[in-house]
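There are 2 protein chains.
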Amino acid sequence: MENNSAQHLTGADFVGGAVTAIARLIRENDLKPGDRLPAEAKLSKDLQVSRTVIREALRSLAALRLVELGAGKRPTVAELDDASFSMTIEHGVVTDQIDIQQIYDARRTIEARTAALAALRRTEGEVRAILSHAKAMAENFDNSDEVMEHDLAFHLAIAKASKNPVFALIIGAFQGVTRQTWPIGWKSRANDDERRAMNALHLDLAQAIAAGDPQSAADLMNRHFDQSIKALLNAGLI
Amino acid sequence: MENNSAQHLTGADFVGGAVTAIARLIRENDLKPGDRLPAEAKLSKDLQVSRTVIREALRSLAALRLVELGAGKRPTVAELDDASFSMTIEHGVVTDQIDIQQIYDARRTIEARTAALAALRRTEGEVRAILSHAKAMAENFDNSDEVMEHDLAFHLAIAKASKNPVFALIIGAFQGVTRQTWPIGWKSRANDDERRAMNALHLDLAQAIAAGDPQSAADLMNRHFDQSIKALLNAGLI
DNA sequence: CCTATTAAACCTGTACTACAGGTTTTAAAA
DNA sequence: TTTTAAAACCTGTAGTACAGGTTTAATAGG
Numbered sequence: 001m002e003n004n005s006a007q008h009l010t011g012a013d014f015v016g017g018a019v020t021a022i023a024r025l026i027r028e029n030d031l032k033p034g035d036r037l038p039a040e041a042k043l044s045k046d047l048q049v050s051r052t053v054i055r056e057a058l059r060s061l062a063a064l065r066l067v068e069l070g071a072g073k074r075p076t077v078a079e080l081d082d083a084s085f086s087m088t089i090e091h092g093v094v095t096d097q098i099d100i101q102q103i104y105d106a107r108r109t110i111e112a113r114t115a116a117l118a119a120l121r122r123t124e125g126e127v128r129a130i131l132s133h134a135k136a137m138a139e140n141f142d143n144s145d146e147v148m149e150h151d152l153a154f155h156l157a158i159a160k161a162s163k164n165p166v167f168a169l170i171i172g173a174f175q176g177v178t179r180q181t182w183p184i185g186w187k188s189r190a191n192d193d194e195r196r197a198m199n200a201l202h203l204d205l206a207q208a209i210a211a212g213d214p215q216s217a218a219d220l221m222n223r224h225f226d227q228s229i230k231a232l233l234n235a236g237l238i
Numbered sequence: 001m002e003n004n005s006a007q008h009l010t011g012a013d014f015v016g017g018a019v020t021a022i023a024r025l026i027r028e029n030d031l032k033p034g035d036r037l038p039a040e041a042k043l044s045k046d047l048q049v050s051r052t053v054i055r056e057a058l059r060s061l062a063a064l065r066l067v068e069l070g071a072g073k074r075p076t077v078a079e080l081d082d083a084s085f086s087m088t089i090e091h092g093v094v095t096d097q098i099d100i101q102q103i104y105d106a107r108r109t110i111e112a113r114t115a116a117l118a119a120l121r122r123t124e125g126e127v128r129a130i131l132s133h134a135k136a137m138a139e140n141f142d143n144s145d146e147v148m149e150h151d152l153a154f155h156l157a158i159a160k161a162s163k164n165p166v167f168a169l170i171i172g173a174f175q176g177v178t179r180q181t182w183p184i185g186w187k188s189r190a191n192d193d194e195r196r197a198m199n200a201l202h203l204d205l206a207q208a209i210a211a212g213d214p215q216s217a218a219d220l221m222n223r224h225f226d227q228s229i230k231a232l233l234n235a236g237l238i
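Chains as they are written, first to last, in the numbering used here: chain R, 1 to 238; chain D, 1 to 238.
Set out below in C-alpha cells:
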C-alpha cells in the first residue's frame, strides 16, 4: 500500500512550498518513473492549500519534467528528459545571454569525451545506429534537412553510447538551438568538396568508435568541431 | 511603445499552447531580462483562454526560469539561471536514473576545460576570488562545511572565469547533488594528510590559473577529479 | 472460477467569480 | 519640480461548476 502522505504547508509562498513538498514526496517515498502521485484533491487536503495552488505546483513540476500530467490521470513520476534544459539553453540564446560559439565550445568539450567513451562502451546495436546515420548523411547529400537530422541523431547516438545519461541530456538539450544554426554552417562551406569532407569525417569517426579506438574517436570529434566552428566563423555568425 | 500582442490559441493543449505563445512573445519582441510581459488579463484576452490557463502557463515558464513572477508585478523576462537544470539533475539522481560517478565524470570533462579557459581568460578580480576560496579551504580545515562551500564556490568561480555561461550553468546545476555526496568523499579520505593534499591541489590549480597556464590548470583539475573519484570509490558510494 | 462488459467512481482541464494585498501610475498638493 | 496621496492595476489564493478522460468496481456470461 502506498504511503504518499505529506505534511501541511506553512509560510508565505504557497505554490513554491507545494512544489518542494511534492518533490520531497517523490524522494522520501522512493518513487520511480511511472509511479503515481496522489490526486490533486488529496494533495490539496494534505498540504492544506487550495486545488489552485496544487495545480500550479504540479504544472511547475511538469514543466521541469519531474512529473507527467494527463487528463483524467493522476500525476506520475517522469523519466529523465532534456526538454527542460533545452528551454533554458534556448532562452539563453534568444535573450543574448549565450552565443552560438559558446554552445559549440561546450559541445566540443563534451563530445570529444562522449566519442572516447562510446569507443570503449558501445554495443553492437549502437555501432550500427551510429554508422547508419553517418552513411545516411552521405547518401542524402542533396537534401540538407535530411543531412542535418542524421547529423543530430549521429551525435546523440554517440552520447547515448557513452552510457552517461548526463552527457546525453546535455547534447540533447543543444539540439534545439543547433537546428537553428546548422543550415548556416552547411551553406557557408565553400563547396561540395568541403561538405563531402565533413561527411567523410563522420564516417571515420563512426569507424573509430566501431573499432574501439577512443583516442582516434576523440581526435576526430575535435577535428570535426574545429571545422564546424570555422565554417560558422566564415559565415559571420560568430 | 510596446507591441506585446499575441495571436489567439487553437487546438487542444491550452496550457502548452499558452507556454509556447508566451515564449514566442519573448523571442519575437526581442525581450531581454528585466523586460515586462503583458499582464495575465491581457494575455488571457489576446490568447482567448481563461486566466486559469495563463496562470498555469506562466507558472510553467517561471519553473523553467524563463520568466519571473511576483505579487502585484507583471511577469518579467528572467536571467539565465541553473535552478531548472539543477532540478533535472537532482531528479535523475533521486530516481536512480543518474549515479554519482556519472556526475563526477561529467564534471571532470567539463572542468578540465573550464580550468584551461579560465587560465586564458580570467580577470584579476576572478583570480583573487579563486585564490581566496582555495585559501579559505585550507584555513577552515577543521570545519568541513566551510571547506565544502568554498570548494563549491571555487569550482563555480573557475567556471565563470571561463567566460562561457553554458559551463557555469552546468557546473552550478551540479552543486545541489554535490552537496549531498561531498561529505562522504571528505570522510573517506584516509587521514588528514590526504585532506591537506586535496587542499594543496586546489591552491596549485588556482596558481596555474593565475599564471595563465592552461595546460597545467587542466592537468591539475583532472588529477583533482581522479583523487575525488578514488575517494568516493573507497567509500563504496560508487 | 475466470473473463468480458458495463456502470460507477474518480480525476483532470478549463472557465468564472471574489477578494486580499502588493505595485505602478496618475493626479494633486506643496 | 518634487513630494505625497489616491486611484488603477495586478497577482495570489480560494472556491464552484462542469465537461470529458481514466480507473476501479460490479455485474453478467461462460
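Quick reminder that beta carbons are idealized off the backbone N, C-alpha and C, glycines included.
For the alpha helix (DSSP H) that residue i lies in, which residues bound it at each end?
i, result
"T318 (chain R)", "It is not possible to answer for residue 318 (chain R), since the shown part of chain R is limited to 1 through 238."
"G16 (chain R)", "F14 to E28"
"A43 (chain D)", "A small correction: the amino acid at residue 43 (chain D) is Leu; Ala does not occupy that position in the sequence shown. Its alpha helix (DSSP H) spans residues E40 to L47."
"L9 (chain D)", "L9 (chain D) -> no alpha helix (DSSP H), and no H or E assigned at all."
"G92 (chain D)", "A83 to V94"
"R107 (chain R)", "I100 to R121"
So is residue i in contact with chain D if we call contact Cβ pairs under 7 Å?
i, result
"N191 (chain R)", "no"
"E68 (chain R)", "no"
"V94 (chain R)", "yes"
"L233 (chain R)", "no"
"H224 (chain R)", "no"
"Q48 (chain R)", "no"
"T109 (chain R)", "yes"
"R121 (chain R)", "no"
"A63 (chain R)", "yes"
"F239 (chain R)", "The first residue shown for chain R is 1 and the last is 238, placing residue 239 (chain R) beyond what the model contains."
"I98 (chain R)", "yes"
"Q273 (chain R)", "Absent from the structure is residue 273 (chain R), since the part of chain R shown begins at 1 and ends at 238."
May I ask which residues mark the beginning and end of the beta strand (DSSP E) holding residue i?
i, result
"V53 (chain R)", "Here V53 (chain R) belongs to no beta strand (DSSP E); instead the alpha helix (DSSP H) covers R51 to A63."
"L239 (chain D)", "Limits of chain D in this structure are 1 at one end and 238 at the other, which puts residue 239 (chain D) out of reach."
"L69 (chain D)", "V67 to G70"
Any Cβ of chain R within less than 7 Å of the Cβ of residue i?
i, result
"T314 (chain D)", "Because residue 314 (chain D) is not part of the residues shown, which for chain D are 1 to 238, the question remains open."
"A157 (chain D)", "no"
"A106 (chain D)", "yes"
"T56 (chain D)", "Note on residue identity: the sequence assigns Glu, not Thr, to residue 56 (chain D). Output row for E56 (chain D): interface = yes."
"S228 (chain D)", "no"
"R113 (chain D)", "yes"
"L80 (chain D)", "yes"
"S44 (chain D)", "no"
"R51 (chain D)", "no"
"R59 (chain D)", "yes"
"I238 (chain D)", "no"
"H91 (chain D)", "yes"
Self-check item: Unbroken stretches of the alpha helix (DSSP H), 4 residues or longer, contained in the stretch 133 to 205 of chain D
Solution: You should have 144 to 161 and 165 to 188.
Quiz item: Going along the chain, which residues of the stretch 161 to 182 of chain R sit with their C-beta nearer than 8 Å to a C-beta in chain D?
Solution: Answer set for the stretch 161 to 182 of chain R: N164, P165, V166, F167, L169 and I170.
Quiz prompt | Where the stretch 12 to 36 of chain D meets chain R: residues whose CB sits under 8 Å from a CB there | solution = So the close ones are V15, V19, A23, I26, R27, L31, K32 and P33.
Practice problem: Would you check if the stretch 11 to 19 of chain D and the stretch 48 to 60 of chain D touch, i.e. whether three or more CB-CB distances between them fall below 8 Å? | Solution: Between the stretch 48 to 60 of chain D and the stretch 11 to 19 of chain D there are three or more inter-stretch CB-CB distances shorter than 8 Å, so the stretches are counted as touching.
Quiz item: When Cβ atoms are compared, which residues of the stretch 186 to 216 of chain D fall closer than 9 Å to chain R?
Solution: Identification of residues in the stretch 186 to 216 of chain D having a C-beta nearer than 9 Å to some C-beta of chain R yields an empty set.
Exercise. Tell me, please, whether the stretch 162 to 176 of chain D touches the stretch 94 to 102 of chain D by the rule of three or more beta-carbon pairs shorter than 8 Å.
Key: Verdict: no, contact absent.
Self-check item: Sufficient close CB pairs (3 or more, under 8 Å) joining the stretch 111 to 126 of chain R to the stretch 209 to 227 of chain R
Solution: With the cut-off at 8 Å, the stretch 111 to 126 of chain R and the stretch 209 to 227 of chain R touch.
Quiz prompt | the stretch 79 to 89 of chain D in contact with the stretch 171 to 179 of chain D per 3-pair CB rule at 8 Å | solution = The stretch 79 to 89 of chain D is in contact with the stretch 171 to 179 of chain D.
Quiz item: Can at least three beta-carbon pairs, one atom from the stretch 143 to 152 of chain D and one from the stretch 61 to 76 of chain D, be found at a separation below 8 Å?
Solution: Three or more beta-carbon pairs separated by less than 8 Å are not found between the stretch 143 to 152 of chain D and the stretch 61 to 76 of chain D, which leaves the two stretches without contact.
Quiz item: the stretch 120 to 148 of chain D: which residues have C-beta closer than 9 Å to a C-beta of chain R, in chain order?
Solution: Going along the stretch 120 to 148 of chain D in chain order, one finds no residue with a Cβ nearer than 9 Å to chain R.
Quiz item: Touching or not, the stretch 126 to 135 of chain D and the stretch 202 to 213 of chain D, by the rule of three or more beta carbon pairs under 8 Å?
Solution: Contact holds: three or more Cβ-Cβ distances are below 8 Å.
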